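Residue numbers (the numbering used here), protein chains in the order written: chain A, 39 to 346; chain B, 39 to 346; chain C, -12 to 162. Beta carbons are placed, not taken as given, at the ideal position from N, Cα and C, and that holds for glycine. In this text, all values refer to a predicted model and were calculated from it rather than measured experimentally.
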Amino acid sequence: KCGHIRISAPIVHLGGPVTASCTISQNCSHLDLEPQILWRLGEEPEQPGDRQQRLPDGTQESTITLLHFNHTQAFLFCCLQWGNRPQILDQAELRAGYPPTVPSNLSCIMNLTTNSLTCQWDPGPDTHLPTNFTLKSFKSRGDCQTQEDSILDCVPENGQSYCSIPRKHLLLYQNMVIWVQAENALGTRQSTQLCLDPMDVVKLEPPTLWTLDPSSQASPPHPGCLWLGWEPWKPSVFMNQECELRHQPQRGGASWVQVAPLPSSAYQYELCGFPPATVYTLQMRCIRSPLPGHWSSWSPSLELRTTE
Amino acid sequence: KCGHIRISAPIVHLGGPVTASCTISQNCSHLDLEPQILWRLGEEPEQPGDRQQRLPDGTQESTITLLHFNHTQAFLFCCLQWGNRPQILDQAELRAGYPPTVPSNLSCIMNLTTNSLTCQWDPGPDTHLPTNFTLKSFKSRGDCQTQEDSILDCVPENGQSYCSIPRKHLLLYQNMVIWVQAENALGTRQSTQLCLDPMDVVKLEPPTLWTLDPSSQASPPHPGCLWLGWEPWKPSVFMNQECELRHQPQRGGASWVQVAPLPSSAYQYELCGFPPATVYTLQMRCIRSPLPGHWSSWSPSLELRTTE
Amino acid sequence: PLGPANSLPLPRSFLLKSSEQVRKIQAQGAMLQEKLCATYKLCHPEELALLGHSLGIPRAPLSSCSSQALQLTGCLSQLHRGLFLYQGLLQALAGTSPELSPTLDMLQLDVANFATTVWQQMEDLEVAPAVQPTQSTMPTFTSDFQRRAGGVLVTSHLQSFLGLAYRVLRYLAEP
């Protein structure tokens, strides 16, 4: 090889030093005895090295130190003057950036339709370097002080800040320990660990509400009442849930009034105490109960007219 | 095995006959000596076989022929009366349909952005059976009378009626032979063969048109003229092309007037003979020329106002 | 100005298709040169001449197509051998980098297809050698940088080779 660059490290801290050496072999034909080795960084003009010496085996070696390498990526060229054009003999790619910061805001949600546990996190500032995030976890018990079987690393798809652990790797109704590892050429950082049972972080979808025809009820309807029914989100039927209803007059912008706690399903529910013949907007949400869980979002609005 | 069904063929012609036999082994415990074998087709009531006989080894064998099997899919059950409920001892899946028809309307287009040759065809009526279509081809010369290297079969993705042969399998500027084979359990059919050079069936995109400011031209603009420029679709720049322009007044619904032939690119083109200060709609399309090719679609419209 | 072509009857479709293939390859080559420049800042072949010498990257001759004495059979044969050589050189550069591979592969396929067009025309004219040429030994590229620099040099040589070929084809296509 005519020319060969060796660099202290292909990836360095942004703003830090880089040292490189370039050796020109004697058999690099057409050369005069003492060729001057030149360096070029990206598109900057050529510059001689800090030191050039002739090694015992006749090769010429030039060394250069770039004290503050401020490019996130650049090519360093080793050149020789040959005729009227500097000749490039080798090229090295230099990259600079920062070690990863500790991934933060790790949170997880169990999805009952895909049956996977999806965790997301804040990756932190750009390190300018290829940084791999891995969602790590192991099965545990009680308060997560013991490590049972470890779980396969979950590697997010190209650069996303979330990853889904498939059902077959999950031990439901037992606690597991989950954390995120961030790694690049300059270091590795681990997030704080979560201790959770996937079923305690189920993402509930809101219940389904429907109107009931007051006249179809057995007893004659009282005035100023609303008749409705609801049932929980189908995939979560097996979970005991507690629900909350809120209502507000369709007009007039009065604030929501909440009715709680309510059972997770009711096929005939009468709500009274309203002015007659007035249209009300109703919404409902549910939460796993008494076992831990997250509130579902509020259901789509149901417009109901109070009885005459 | 207690009971075992053998069928003439798991897949038969729709409306055609099916013959099945079921043997009940002697060691099928709890059975009386002369058990009556019953057949059930799908949800139809049980029926005895055409013939039941006792084989030398003591097994009972019943045979049945369904003369006109009119289901595209059904289960045939071999049962025994046992207590008050017929007992299912074996089950065979029967399927019926039609052999494939000859695939028709085979046509191909060379895509210059994906660099693949995409052929599509009409698969013909539903055969009710899993039918595999394969795009077959081989390299040839001249008028496709000789077979040079064959090309890897192109298998369309799940049931689609088109397939794309990737660039690395194509020999551009030489003729190749292409046809479609349809195959299911009841037969195989081949389409007629096409003999084509992929580059002769390139799908050209329309050229790009742009307006020119008449006042910016060297010579003072004549009244009632249009100033425009155009260039071919970038990936097709290497192809000599001929183009056609059509114009019509924006209002008044007059029909298109065509201007041809035009070169594939023009950076300053003046079109005169129009009433002054009138808005015209222009479109252009191009075709490979003098080598064979397909017309591109018309370009998006360009609205131009004739000079005062 | 090119000298008188001798009597070989070259079909017009061959001349038209070959001219288009040359333009297609030149466009593909220009794309590769742009990518080598944009991605690796290797933009000037003249800065890599010394490296080219040391790696032994060959150039394909087109002397029989020269303007002084156009010798058509020799010219077609040199055109085919040159295309065959550049096809081999481009194959030797395979694996340069994921960014370049698609463009490099496409260029190599287009060169190979053009070589087939020329060879089959020579066969049709019964001037093709009995045996297809065998590939000479290719330079060995021992580093990513050498493959990238090789890419710049090979493409540059190919572009000038095609420039000459294009002039001959245009000349032969003149009525």
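What are the partner residues of A:Ser269, as DSSP defines its beta bridges? Checking the displayed sequence, the identity of residue 269 of chain A turns out to be Glu instead of Ser. Beta-bridge pairing links A:Glu269 to A:Thr246.
Which of the three DSSP states is assigned to A:Gly53 in this structure? coil
What in chain C is Cβ-close to B:Lys206, meaning under 8 Å? Asp92, Leu96
Residues from the segment 273 to 293 of chain B in contact with chain C, defined by Cβ distance under 9 Å: Pro273, Val275, Phe276, Met277, Asn278
Any chain A beta carbon closer than 9 Å to C:Arg135: yes
Members of the segment 96 to 120 of chain A that neighbour chain C once the beta carbon cut-off is set at 9 Å: Ala112, Phe113, Phe115, Cys117, Leu118, Trp120
Straight-line CA distance for B:Trp336 to B:Tyr211? 26 Å
Taking A:Cys263 as the reference, give the member of A:Ser339, A:Tyr307, A:Leu144 with the closest Cα. A:Tyr307
Determine the chain C residues that contact B:Arg227 at a beta-carbon separation under 8 Å, and present them in chain order. Here the premise fails: no neighbours, minimum Cβ distance about 32 Å.
Ordered along the chain, which non-local residues of its own chain (more than five positions away) have a Cβ less than 7 Å from that of C:Leu151? Leu49, Cys52
Residue(s) in a DSSP beta bridge with A:Leu264: A:Leu309
Beta-carbon within less than 6 Å of A:Pro252's beta-carbon, same chain only, minus the 5 sequence neighbours each way: which residues are those? Pro259, Trp265, Thr345
Are any of the Cβ atoms in chain C nearer than 9 Å to that of A:Ala134? no
Going by CA-CA distance only, name the one from A:Ser178, A:Pro137, A:Pro168, A:Leu208 that's closest to A:Leu150. A:Leu208
Residues of the segment 101 to 135 of chain C whose Cβ lies closer than 7 Å to any Cβ of chain D, in chain order: The question asks about chain D, but that chain is absent: this structure's protein chains are A, B and C.
Taking all protein chains shown into account, decide if C:Leu86 is buried (16 or more other Cβ within 10 angstroms of its Cβ) or exposed. Contrary to the premise, residue 86 of chain C reads as Glu rather than Leu in this sequence. The residue in question, C:Glu86, is exposed, as its Cβ has fewer than 16 Cβ neighbours within 10 Å.
So, is C:Leu66 buried or exposed, given that buried needs 16 or more other C-beta atoms within 10 angstroms? buried
Following the continuous alpha helix (DSSP H) through C:Lys22, name the residue where it begins and the one where it ends. -1 to 27
Can you find the residues in the same chain that come closer than 8 Å, C-beta to C-beta, to B:Thr169, ignoring five residues on each side of it along the sequence? Pro138, Pro161, Ala220, Glu221, Asn222
With contact counted as at least three CB pairs below 8 Å, one residue from each stretch, are the segment 176 to 191 of chain B and the segment 116 to 136 of chain B in contact? no
Based on the DSSP secondary-structure assignment, which residues constitute the bridge partners of A:Thr61? A:His42, A:Glu99
Cα-Cα separation between B:His106 and B:Glu81, rounded to whole angstroms: 17 Å
Is there a C-beta anywhere in chain C that falls below 9 Å from the one on B:Ser175? no
Extent of the continuous beta strand (DSSP E) run through C:Phe128: No beta strand (DSSP E) contains C:Phe128, which DSSP labels as neither H nor E.
CB of A:Ile126 within 9 Å of CB of C:Leu80, strictly: no
For the segment 241 to 251 of chain B against the segment 326 to 336 of chain B, are there 3 or more C-beta pairs whose distance is under 8 Å? yes
Among A:Gly41, A:Arg179, A:Trp248, A:Thr226, nearest to A:Met214 - alpha-carbon criterion: A:Arg179
Given that a residue counts as buried once 16 or more other Cβ atoms are within 10 Å of its Cβ, and exposed if not, what is C:Pro(-12)? Residue placement at C:Pro(-12) is flagged as unreliable, the pLDDT there being 48, under the threshold of 50; the coordinate-derived value follows with that caveat. The residue in question, C:Pro(-12), is exposed, as its Cβ has fewer than 16 Cβ neighbours within 10 Å.
Per-residue contacts from A:Gln125 into chain C (C-beta, under 8 Å): Glu34, Leu35, Ala36, Leu37, Leu38
Give a yes or no on whether 9 Å exceeds the smallest Cβ distance from A:Cys60 to chain C. no
Once you ignore the five residues that flank B:Ser188 on each side, which residues in its own chain have a CB closer than 7 Å to its CB? Phe176
Distance check for A:Phe113 and A:Val50, CA to CA, integer angstroms please. 14 Å
The segment 245 to 272 of chain B: positions lying closer than 8 Å to chain C by Cβ: none
DSSP puts B:Pro301 in a beta bridge; with which residues? B:Glu280
Verify the CB distance criterion: does B:Arg179 have a CB-CB separation below 9 Å to chain C? yes
What three-state label does DSSP hand C:Pro(-12) in the structure shown? With a pLDDT of 48 at C:Pro(-12), under the threshold of 50, the modelled position of that residue is not reliable, and no figure is offered here.
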